[in-house]
Amino acid sequence: MKQIPGFKLEADGGERLHFSDAEFIVKVSADSTGGAFTVIEEFDPLDTPLHVHKNEDELWYALEGEHIIRVGDEEFQIGPGEFAFGPRGVPHSQRRVVPRTGRFLVLFSPAGFERFFRELAEAESAGASMPEVYVRVSEKYGITWL
1 MKQIPGFKLE ADGGERLHFS DAEFIVKVSA DSTGGAFTVI EEFDPLDTPL HVHKNEDELW
61 YALEGEHIIR VGDEEFQIGP GEFAFGPRGV PHSQRRVVPR TGRFLVLFSP AGFERFFREL
121 AEAESAGASM PEVYVRVSEK YGITWL
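Residues 1 to 146 in the numbering used here are what the sequence shown lists, from first letter to last.
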């Protein structure tokens with residue numbers, strides 16, 4: 001892997017994306033890390049149904065609120081300062097104890113999954129039929145919904 005320089009991102013920095021009435025901020029992208037990892041901050045995150053990533057490991061770090069992360073056959077309740085990990089190829093889901101509340105960071109490795117979020121935000125902004133977009137974009141980024 002190519003050596004990349006150190007960097008800093010201010011607290012309010014990052015690329016802001018909106019879809020499904022939620023806000024996502026790409027804090028660290030593939031371009032910033034030479035493809036090593038992506039970090040996305042999610043506000044009032046959506047509950048995400050059971051699915052599998054073909055390409056990425058995923059780590060959730062709770063900043064606010066209580067979250068339930070299912071990984072395989074286990075469920076983990078995480079609150080501020082706690083995290084859960086889901087390896088690629090293992091079915092996982094996430095939900096809030098109190099719907100549409102909370103905030104967390106998600107780390108994807110390797111990087112590039114920010115493109116999934118970006119494509120969904122751009123499609124919704126353009127008025128696309130979102131069920132069709134979810135199918136197409138999920139297939140493109142190796143996501144299988146269960």
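C-beta: ideal position from N, C-alpha, C; glycine also.
It should be emphasised that the depicted structure is a prediction, and the values quoted were computed from it without experimental measurement.
Nearest-angstrom Cα separation, counted from residue j out to residue i
i: residue 39; j: residue 106; result: 6 Å
i: residue 77; j: residue 23; result: 22 Å
i: residue 67; j: residue 79; result: 6 Å
i: residue 108; j: residue 131; result: 24 Å
i: residue 19; j: residue 123; result: 9 Å
i: residue 117; j: residue 72; result: 23 Å
i: residue 74; j: residue 62; result: 18 Å
i: residue 43; j: residue 32; result: 22 Å
i: residue 35; j: residue 3; result: 11 Å
i: residue 135; j: residue 69; result: 23 Å
Bridge-paired residues (DSSP) for residue i
i: residue 62; result: 104
i: residue 95; result: 68
i: residue 16; result: 25
i: residue 151; result: The requested residue 151 is not part of the displayed model; the chain covers only 1 to 146.
As assigned by DSSP and simplified to three states, the class of residue i
i: residue 88; result: coil
i: residue 76; result: strand
i: residue 82; result: coil
i: residue 125; result: helix
i: residue 110; result: coil
i: residue 49; result: strand
i: residue 117; result: helix
i: residue 44; result: coil
Whole-angstrom C-beta distance between residue j and residue i, which should lie under 8 Å
i: residue 37; j: residue 28; result: 7 Å
i: residue 55; j: residue 88; result: 6 Å
C-beta atoms of residue i and residue j nearer than 8 Å
i: residue 53; j: residue 142; result: yes
i: residue 47; j: residue 99; result: yes
i: residue 14; j: residue 41; result: yes
i: residue 103; j: residue 64; result: yes
i: residue 93; j: residue 50; result: yes
i: residue 86; j: residue 58; result: yes
i: residue 91; j: residue 146; result: yes
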